[in-house]
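Here full-length UniProt numbering is used: the first residue of the sequence shown is 1, the next is one more, and so on.
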Amino acid sequence: MDEILHELRDHSAGLNCGRWDYIFSYVKTFRAHPDRLLPDRALVGMAQHFMRSYSHLLIRTCHRRRVHAMGGMAAQIPIKDDAAANEAALELVRGDKLREVRAGHDGTWAAHPGLIPAIREVFEGHLGGKPNQIDAAAPVDAITEEDLIQPPRGARTVEGLRLNTRVGVQYLAAWLGGSGSVPLYNLMEDAATAEISRVQNWQWLHHGAVLDAGGVAVRATPELLAHVVEEEMARVQEEVGADRFRRGRYKEAGRIFIRQCVAPELDDFLTLDAYGLIVVHHPRGAASKL
1 MDEILHELRD HSAGLNCGRW DYIFSYVKTF RAHPDRLLPD RALVGMAQHF
51 MRSYSHLLIR TCHRRRVHAM GGMAAQIPIK DDAAANEAAL ELVRGDKLRE
101 VRAGHDGTWA AHPGLIPAIR EVFEGHLGGK PNQIDAAAPV DAITEEDLIQ
151 PPRGARTVEG LRLNTRVGVQ YLAAWLGGSG SVPLYNLMED AATAEISRVQ
201 NWQWLHHGAV LDAGGVAVRA TPELLAHVVE EEMARVQEEV GADRFRRGRY
251 KEAGRIFIRQ CVAPELDDFL TLDAYGLIVV HHPRGAASKL
């Protein structure tokens, strides 16, 4: 982090604490280590020790260099037709942003402008008129290398494999169609979500992780993934409708996603395998929205 800020000292106003990005790097770095398997990605939140340590190190590094430490993106999208669900989502946002500002972050960002009033209320209420927390006293306890790589705790489940597959395929299908940000299940997803979904599936399959299937232990195998993909593709078709599914790039996305999840070596990026299909789909090229 120090090196990044030094190199960008004439351009950068700070650093952003990206959740999926750090988890993605964690899996890629420890790809050969079966003792570093992640739990379901929904459980790998900022309360996990290695994620909290990452956040605190970013804050301290930025403040020592007199620049801003930005919190992670609130990915929720307002739910217009369900007031109770919308309030529950806003409450999750408030709780996450309260954690950020208490940790020392100077600001944050959101996927949708409808979240801004709730977020500003949290930050402005805590900052008490101050523009940032750069001058706040830094904690004296050390953040060690082990703190930054401590394996996260939690269950690994077939439902987690299903969610990774369903979200990863839908995002990639939208990406092939020219959209880089995609609303899925009341969250605004980008390539980082598809990447963490893909690399977690790969990690579980590569090391034969034992997954919980409703109280029954099953091993992650290519055969299990093929079964999951078949069922989840049918679910996606039901959710989006047969016509949209037929016109979309879901089948191509599914083939790419499966290929990368079962590859003997972890590919660097999901999108590299998909660029050729964009050229095929847009040979003369309407401007892409990527």
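Ideal Cβ placement from N, Cα and C applies to all residues, glycine included.
Pop quiz: residue i and residue j are said to be a contact at Cβ under 8 Å. What is the actual Cβ separation, rounded to whole angstroms?
i	j	result
Glu-154	Ser-197	Sequence inspection shows Gly at residue 154; the Glu mentioned does not correspond to that position. About 16 Å; that fails the 8 Å criterion.
residue 369	Ala-111	Absent from the structure is residue 369, since the part of the chain shown begins at 1 and ends at 290.
Pro-39	Pro-152	6 Å
Determine the extent of the alpha helix (DSSP H) in which residue i is found, giving its start and end residues.
i	result
Thr-165	158 to 176
Thr-61	49 to 64
Thr-193	191 to 206
Val-210	No alpha helix (DSSP H) holds Val-210; the beta strand (DSSP E) holding it covers 210 to 212.
Leu-5	2 to 7
Quick one, which of the options has its alpha-carbon nearest residue i's?
i	options	result
Gly-177	Val-27, Arg-246, Asp-135	Arg-246
Ser-25	Glu-121, Asp-268, Asn-164	Asp-268
Ser-53	Gln-150, Ile-278, Glu-189, Met-188	Gln-150
Cys-261	Ile-59, Ala-69, Glu-195	Glu-195
Thr-193	His-6, Met-73, Leu-37	Met-73
Gly-114	Leu-163, Glu-124, Leu-187, Val-27	Leu-187
Cys-62	Ala-85, Leu-38, His-6	His-6
Gly-214	Thr-157, His-49, Asp-40	Thr-157
Arg-162	Ala-174, Ala-191, Gly-276, Glu-232	Glu-232
Met-51	Ala-263, Arg-19, Ala-32, Ala-69	Arg-19
Which residues bound the beta strand (DSSP E) around residue i?
i	result
Pro-222	That residue, Pro-222, is in no beta strand (DSSP E); its alpha helix (DSSP H) goes 222 to 240.
Gly-14	14 to 16
His-68	68 to 74
residue 300	With the chain covering only 1 through 290, there is no way to say anything about residue 300.
Leu-37	It is not in any beta strand (DSSP E) - Leu-37 carries neither H nor E in the DSSP assignment.
At the level of alpha carbons, what is the spacing between residue i and residue j?
i	j	result
Cys-47	Leu-15	The residue asked about is misnamed: residue 47 is Ala in this sequence, not Cys. So the two alpha carbons sit approximately 20 Å from each other.
Ala-226	Tyr-185	23 Å
Gln-203	Phe-30	9 Å
Pro-34	His-207	6 Å
Glu-239	Thr-221	27 Å
Ala-242	Ile-23	34 Å
Gln-200	Arg-259	14 Å
Glu-265	Arg-41	21 Å
Glu-145	Ala-83	44 Å
Could you name the residues of the same chain whose beta carbon sits closer than 8 Å to that of residue i, not counting the 5 residues immediately before and after it, in chain order?
i	result
Leu-127	Val-101, Gln-133
His-56	Ala-103, Gly-104, Pro-139, Ile-143
Val-122	Arg-94, Lys-97, Leu-98, Val-101
Beta-carbon within less than 6 Å of residue i's beta-carbon, same chain only, minus the 5 sequence neighbours each way: which residues are those?
i	result
Val-218	Leu-211
Asp-147	Ser-53
Ala-75	Ala-111, Leu-187, Met-188
Here's a check: name, in chain order, each residue in its chain whose Cβ is nearer than 7 Å to the Cβ of residue i, leaving out the five neighbours to either side.
i	result
Ile-256	Leu-172, Asp-273, Ala-274
Leu-277	Leu-176, Glu-252
Ser-12	Leu-5, Val-67
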